[in-house]
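Undergrad:
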Amino acid sequence: MAPKAGKAKPKAKGDKKKKEEKVLPTVLDVTVEAPDYTHLTLKGISTDRILDVRKLLAVHVDTCHITSFSLSHEVRGPQLKDTVEIASLKPCHLSIVEEEYTEELAVAHVRRLLDVVACTTAFGVKKPEQKPAPATDAAAEANKPGSPGSVVAGGGGGGGGGEEPMYPPPKLGEFYDFFSFSHLSPPIQYIRRSTRPFVDDKREEDFFQIDVRVCNGKPVTIVASRAGFYPSGKRALINHSLVGLLQQTNRGFEAAYKALMKAFVEHNKFGNLPYGFRSNTWVVPPVVADSPSVFPPLPTEDETWGGNGGGLGRDGKHDHRPWVKEFAILAAMPCKTAEERQVRDRKAFLLHSLFVDVGVLKAIAAIQNLIPDDKSSHEKANGTASSVPHTQQIGDMKITVTKDKADASSKSDVKLDGSQAPGVSFDELAKRNLLKGITADESATVHDTATLGVVVVKHCGYTAVVQVPLDAQLTTVVPAQQDIHIEDQPEGGSNALNVNSLRMLLQKSCVQSPGAVQRLQSSDPEENMATTNFVRKIITDSMQNLEGEAPRETRPIRWELGACWVQHLQNQTSEKADGKKSDETKDVPTVKGLGKQFGQLKEIKKKSDDKSGKSASTKDSTSPNTNDAHSDNTASTKEDKEAILQKALTEAAFQRLKESETGLHAKSPDELIEMAYKYYDDTALPKLVADFGSLELSPVDGRTLTDFMHTRGLQMRSLGQVVELSDKLPHIQSLCIHEMVVRAFKHIVRAVIAAVDDINDMAQSVASCLNILLGPFPEENNDGKCGEDHNLRQKWLEVFLMKRFGLAWKDEYSLDLRKYAILRGLCHKVGLELVTKDYDMDTPHAFRKSDIISIVPIYKHVACSSADGRTLLESSKTFLDKGKLEDAVNYGTKALAKLVAVCGPYHRMTAGAYSLLAVVLYHTGDFNQATIYQQKALDINERELGLDHPDTMKSYGDLAVFYYRLQHTELALKYVNRALYLLHLTCGPSHPNTAATYINVAMMEEGLGNVHVALRYLHEALKCNQRLLGVDHIQTAASYHAIAIALSLMEAYSLSVQHEKTTLRILQSKLGSEDLRTQDAAAWLEYFESKALEQQEAARNGTPKPDASIASRGHLRSSRLYQSR
1 MAPKAGKAKP KAKGDKKKKE EKVLPTVLDV TVEAPDYTHL TLKGISTDRI
51 LDVRKLLAVH VDTCHITSFS LSHEVRGPQL KDTVEIASLK PCHLSIVEEE
101 YTEELAVAHV RRLLDVVACT TAFGVKKPEQ KPAPATDAAA EANKPGSPGS
151 VVAGGGGGGG GGEEPMYPPP KLGEFYDFFS FSHLSPPIQY IRRSTRPFVD
201 DKREEDFFQI DVRVCNGKPV TIVASRAGFY PSGKRALINH SLVGLLQQTN
251 RGFEAAYKAL MKAFVEHNKF GNLPYGFRSN TWVVPPVVAD SPSVFPPLPT
301 EDETWGGNGG GLGRDGKHDH RPWVKEFAIL AAMPCKTAEE RQVRDRKAFL
351 LHSLFVDVGV LKAIAAIQNL IPDDKSSHEK ANGTASSVPH TQQIGDMKIT
401 VTKDKADASS KSDVKLDGSQ APGVSFDELA KRNLLKGITA DESATVHDTA
451 TLGVVVVKHC GYTAVVQVPL DAQLTTVVPA QQDIHIEDQP EGGSNALNVN
501 SLRMLLQKSC VQSPGAVQRL QSSDPEENMA TTNFVRKIIT DSMQNLEGEA
551 PRETRPIRWE LGACWVQHLQ NQTSEKADGK KSDETKDVPT VKGLGKQFGQ
601 LKEIKKKSDD KSGKSASTKD STSPNTNDAH SDNTASTKED KEAILQKALT
651 EAAFQRLKES ETGLHAKSPD ELIEMAYKYY DDTALPKLVA DFGSLELSPV
701 DGRTLTDFMH TRGLQMRSLG QVVELSDKLP HIQSLCIHEM VVRAFKHIVR
751 AVIAAVDDIN DMAQSVASCL NILLGPFPEE NNDGKCGEDH NLRQKWLEVF
801 LMKRFGLAWK DEYSLDLRKY AILRGLCHKV GLELVTKDYD MDTPHAFRKS
851 DIISIVPIYK HVACSSADGR TLLESSKTFL DKGKLEDAVN YGTKALAKLV
901 AVCGPYHRMT AGAYSLLAVV LYHTGDFNQA TIYQQKALDI NERELGLDHP
951 DTMKSYGDLA VFYYRLQHTE LALKYVNRAL YLLHLTCGPS HPNTAATYIN
1001 VAMMEEGLGN VHVALRYLHE ALKCNQRLLG VDHIQTAASY HAIAIALSLM
1051 EAYSLSVQHE KTTLRILQSK LGSEDLRTQD AAAWLEYFES KALEQQEAAR
1101 NGTPKPDASI ASRGHLRSSR LYQSR
């Protein structure tokens, strides 16, 4: 979140801004000559560099197998550097020049081939497991409407849910199907390092031998050498690439490889080919289920072939880096201008990323050293020895590891804001955070070295805090001229740390034939009962502790709250200056129609306006020149308060606060705390709910909900209040309840993990815990124990939600619970990796020991990027919402350039900029360029965030719409169905984003001529929007309009007229007659009415029907009716 700077700052750069030229991005065709003299045309953009061209070649079917090469240009010469901008190359024609291999490059080449073919074996689910089940039972399970899938679909109720769902409930077992090409014959069975002796004498240029078995042949030994690859003993057949050699020597491989490349093109000819994946999602690739004790890595992370889990610091080179000094230099670097901040922010990003990587690796190493000591120490589990922290010093880094308590009632979360610092009270911490927030500028994160130099890691029942201690003396004496020498991240930062690669495997190694997998799954009933009782005891004991817990007296404050508060006060001041009339017309369209929330928000605004008016008049009356004694008194009190604040703040921070024109500089810290609490309750929370209602914010899961709240400085303990305020927004209530349930269950799973003494018992204990927490309701299963577990679970939720969130549990909440959404949230928060399969949570033992593959570390740290970049992104978003597309493109382009300069081209923040700019360009009608940007965003999101992350699913949905506009409708339908699958898995069918996606599916079905199917989706979207948002919401209008279009394609023009009239009525009431969207709807209504009249005339006169084709006109897109978030 970018805090708003004081008003005095931007003026200094006013003149410079006027001279700035608007450099808008454009699509560039990059022609590349391949080694076989064929020419490829790559679609690039003007901001791309040679590094991006390399990435494009790596995902092109004709060049993906080439690795060791340089690019040459007829003017700029050979071996172009990765940093060269392609827009500077005239003509934009490059040649691939094959380069010699080193041993490391030869290993990387083998890894690339394995990666390209992995989709034929790694992602397909093997289905023979179903055979042992009796045929009748299997059929009953398959046809059972309330089977695991109905839990996922979850909006319609707990058990029965309709026989004919609009969209088939997604199955978890199909998660990887989108990436699987298991229907094809794998071109390669295996590649292994060969132990055979060299046939010829090994020469200096020969590196190693590999045994390769292709799809239909015997193993062949191939030698990797400096010039390329050749069959052992046949040096004359040397080829620069393995694929070239195998095509040359084996027809079976050639046919299978060609078939795979053809399938890639059919999958998506624009790119997004299914390789380069990392195991970074809570459900593991299906290939892992066959060897869970080994966890076969995907090629990108396979250390045998030079891969790894990403990040820096694995080599130990940075262990003794002078972190204290470098963080101090960082804080002292010049940062007055945007250019200075960009240089400083780049250094900060690189240093902080390196610190986090090293810190996480060292913390996990420290935790793993402690795990074996736990073999039979029951005292530790009971907390006698666990409270003693283990400390370790590595250079400037201090690592403190503590064993978590086996008590789910304990508040175990260590915060990043200094709450773990000894001797700091909660009151002091709240004051410190608030002062940081209200004085925040673009350097707030970098200057707060105390929180920048902290990483908190949770793993296997331990919490490690990695800290760089703050040296106050060093901070004051470090000269600003000193610089930090730090290398750029390799490959543009595209191989960031995948923390899942640091997993602790929970399955014992088992040297048995494939039947062992079946035996592993059926755990010992006695062991099962013992661990179940063990979990029940933990829940019971924790509940007693929680019931006796005293309420916390102090309310914590996040620093972001202070920044948002100042911004709110500044906005109020500028709105007042604009006059009340313009204020009303500006605000009404944004939040109108929210019923109770809108009224409440207007009332709050009115009160706070009155108050600020009063305080302003008081300020005027307390002029130092007046002779009135009361005024003198007030002035001196004001000076006293200012003096107190000046002591607590630096001179620059106090000056910023004074220049913000909010009057907060004249308040004492205690008054500020009280005012902040009031702003929190009266304005910030209702405004959040108002933005949820207007769809300015649209969370789809616990992560997005948490991000939206934390960005505004809101605590997750306020979820109960959000539920109460969202009485007109059932989807928000449902998300909040799910997040509270996940958090309640998280404490239990963590307590169970902490209580397990032997790591070999962990999988069984976690499985038993999940069975209790996600087991069936009593009505779904007659087992008496299920009833007991249900009551225990219910009681825990009631107590936890009341104590931590102030929310009274209602029975109706249980009906709406989507168990897969809860399971997903739990795995994210606790760090679990599970087998990819359909879990039948209507049975008491849905989870087995063999389903729990591993525990992965969870780590937290401050986000360090570019505040200027984030501000530019927000400006672009604001201009998009206002329909000012030229400004939106301009600011979006600047934001992207800033974030690429600071975070590199392949960071998640940069992906956000690509994604937003794609949406902006789409609205300008530049679908080609929008597709290229969104494709870049998707590639980063899949790799860095995971295959089911909200940003990833948004990229799928947006790309689908872009492909549709480019008239690739079948491809669009493939991607929109992937987005819909993930939405059903996360937020279920009862969500505005799901309804909006139904409208997109309908558009695409229309395009394929399936108008009746489209109408079903549209009616479902309409019902969903009416139920969730109300009959007069803008998104409901979008549904009516889309139905009108579909009906017109069926020549039912009179019905189209009815629906478009409803669209127009809603838009007129919400947006006014002047809004472009209202005018579009009016034009459409006129068109439908004219067509209806023509139709009536034709019917009367017996003339041919008018042309029903509407494709040439296009239609008013849903996105035109409500701006995308």
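Taking full-length UniProt numbering, the leading residue of the sequence shown gets 1, the next gets one more, and so forth. Glycine is no exception: its CB is placed at the ideal position from the N, C-alpha and C atoms.
(1) With distances taken from CA atoms, which of Ser501, Ser694, Leu505 and Lys436 is nearest valine 566?
(2) At what residue ranges does the UniProt repeat "TPR" (911–944) contain a whole run of the alpha helix (DSSP H), taking only runs of 4 or more?
(3) Looking only at its chain, what residues have a beta carbon closer than 8 Å to the beta carbon of leucine 885, apart from the 5 residues adjacent to it on each side?
(4) Does the distance from the C-beta atom of glutamine 929 to that of valine 27 stay below 8 Å?
(5) From which residue to which residue does the alpha helix (DSSP H) around isoleucine 1034 run?
(6) Which residue from His665, Thr532 and Ser718 puts its Cα closest to that of isoleucine 438?
(7) In terms of residues, what are the limits of the beta strand (DSSP E) holding alanine 464?
(8) I need the DSSP call for proline 231, collapsed to helix, strand or coil.
(9) Looking at C-alpha atoms only, which residue of Arg818, Ala363 and Lys795 is the closest neighbour of alanine 808?
(10) Hey, quick one: how far does the alpha helix (DSSP H) through valine 117 stretch, first residue to last?
(11) Unbroken beta strand (DSSP E) runs of length 3 or more, entirely within the region 772–854: which are they?
(12) In the DSSP assignment, what residue or residues form a beta bridge with valine 212?
(13) Would you report the Cα separation of isoleucine 673 and lysine 641, rounded to the nearest angstrom?
(14) Give the straight-line distance between the Cα atoms of threonine 986 and alanine 821, rounded to the nearest whole angstrom.
(15) Which two residues bound the contiguous beta strand (DSSP E) that contains tyrosine 859?
(16) Can you list, in chain order, the residues of its chain whose CB lies under 6 Å from that of aspartate 48, leaving out five sequence neighbours each side?
(17) With distances taken Cα to Cα, identify the nearest neighbour of threonine 994 among Asp701, Gly904 and Leu1093.
(18) CB-CB under 6 Å to alanine 972, same chain, minus the five flanking residues each way: which ones, in chain order?
(19) With a threshold of 8 Å on Cβ separation, who are the neighbours of histidine 1019 within its own chain once the five nearest residues in sequence on each side are excluded?
(20) Could you tell me the boundaries of the beta strand (DSSP E) in which histidine 240 lies?
(21) In angstroms with no decimal places, state the Cα-to-Cα distance between glutamate 696 and serine 668.
(22) Is the CB-CB distance between isoleucine 772 and arginine 804 below 8 Å?
(23) For alanine 106, collect the residues of the same chain with a Cβ closer than 6 Å to its Cβ; drop the 5 residues on either side in sequence, then sort them by chain order.
(24) Under the rule that 16 or more other beta-carbon atoms within 10 Å means buried, what is glutamine 544, buried or exposed?
(25) Give me, in chain order, the residues of the same chain whose beta-carbon lies closer than 6 Å to that of leucine 1085; leave out the 5 immediate sequence neighbours on both sides.
(26) Does the beta-carbon distance from tyrosine 1040 to tyrosine 1017 come in below 8 Å?
(27) For proline 78, which of Thr63, Ile66 and Leu94 has the nearest alpha-carbon?
(28) I think phenylalanine 800 touches leucine 546, with their Cβ atoms under 8 Å apart; what is that distance to the nearest whole Å?
(29) Suppose you measure from the CA of methionine 333 to the CA of serine 443; what does that come to, to the nearest Å?
(30) Excluding the 5 residues flanking glutamate 339 on each side, which residues of the same chain have their C-beta closer than 6 Å to its C-beta?
(31) Taking 8 Å as the threshold, find out whether the region 302–317 comes into contact with the region 343–360 through three or more Cβ pairs.
(32) So, with DSSP's three-state summary, where would you put lysine 90?
(33) Measuring alpha carbon to alpha carbon, tell me which residue in Pro285, Lys1023 and Ala259 is nearest aspartate 177.
(34) When the distance is taken between beta carbons, is arginine 226 closer than 8 Å to isoleucine 210?
(35) Alpha carbon to alpha carbon, how far is threonine 952 from aspartate 52? Give it in angstroms, no decimals.
(36) Are the Cβ atoms of leucine 815 and asparagine 272 separated by less than 8 Å?
TA: Considering the structure as presented:
(1) Considering only alpha carbons, the answer is Lys436.
(2) Segments of the alpha helix (DSSP H) lying fully in the UniProt repeat "TPR" (911–944): 927–944.
(3) Only Phe879, Val920, His923 and Thr924 meet the Cβ criterion.
(4) Yes, the Cβ-Cβ distance between glutamine 929 and valine 27 is below 8 Å.
(5) Unbroken alpha helix (DSSP H) run through isoleucine 1034: 1034–1049.
(6) Out of His665, Thr532 and Ser718, His665 has the C-alpha closest to the C-alpha of isoleucine 438.
(7) Element bounds for alanine 464: 462–467.
(8) Strand.
(9) Closest by alpha carbon: Lys795.
(10) Residues 103–117.
(11) Segments of the beta strand (DSSP E) lying fully in the region 772–854: 832–834.
(12) DSSP output for valine 212 lists Ile191 and Val220 as bridge partner(s).
(13) Distance between the alpha carbons of isoleucine 673 and lysine 641 is about 14 Å.
(14) Cα-Cα distance, rounded: 5 Å.
(15) Note, tyrosine 859: beta strand (DSSP E), 858–861.
(16) Ile86.
(17) Distances from the alpha-carbon of threonine 994 to those of Asp701, Gly904 and Leu1093 put Asp701 closest.
(18) Once the five neighbours on either side are set aside, the close Cβ partners of alanine 972 are Ala960, Tyr963, Tyr964 and Met1004.
(19) The residues are Ile1043.
(20) In this chain, histidine 240 is not harboured by any beta strand (DSSP E), its DSSP state being neither H nor E.
(21) When the Cα atoms are used, glutamate 696 and serine 668 turn out to be separated by approximately 35 Å.
(22) For isoleucine 772 and arginine 804, no; Cβs fall outside 8 Å.
(23) If we look at alanine 106 and ignore the five residues flanking it on each side, its Cβ neighbours are Phe207 and Ala224.
(24) Glutamine 544 should be labelled exposed.
(25) Answer for leucine 1085: Glu1060 and Leu1064, listed in chain order.
(26) One thing to note: tyrosine 1040 has its Cβ no nearer than 8 Å to the Cβ of tyrosine 1017.
(27) Check the Cα spacing between proline 78 and each of Thr63, Ile66 and Leu94: the tightest is with Leu94.
(28) Contact holds; Cβ gap of about 7 Å.
(29) Approximately 10 Å between the Cα atoms of the pair.
(30) Contacts found: none.
(31) Between the region 302–317 and the region 343–360 there are three or more C-beta pairs closer than 8 Å, enough to call the two in contact.
(32) Lysine 90 sits in coil when the DSSP states are folded into three classes, being neither helix nor strand.
(33) Closest by alpha carbon: Pro285.
(34) No, the pair does not count as a contact, with Cβ atoms beyond the cut-off.
(35) Taking the straight line from one Cα to the other gives about 20 Å.
(36) When the beta-carbon positions are compared, leucine 815 and asparagine 272 stay at least 8 Å from each other.
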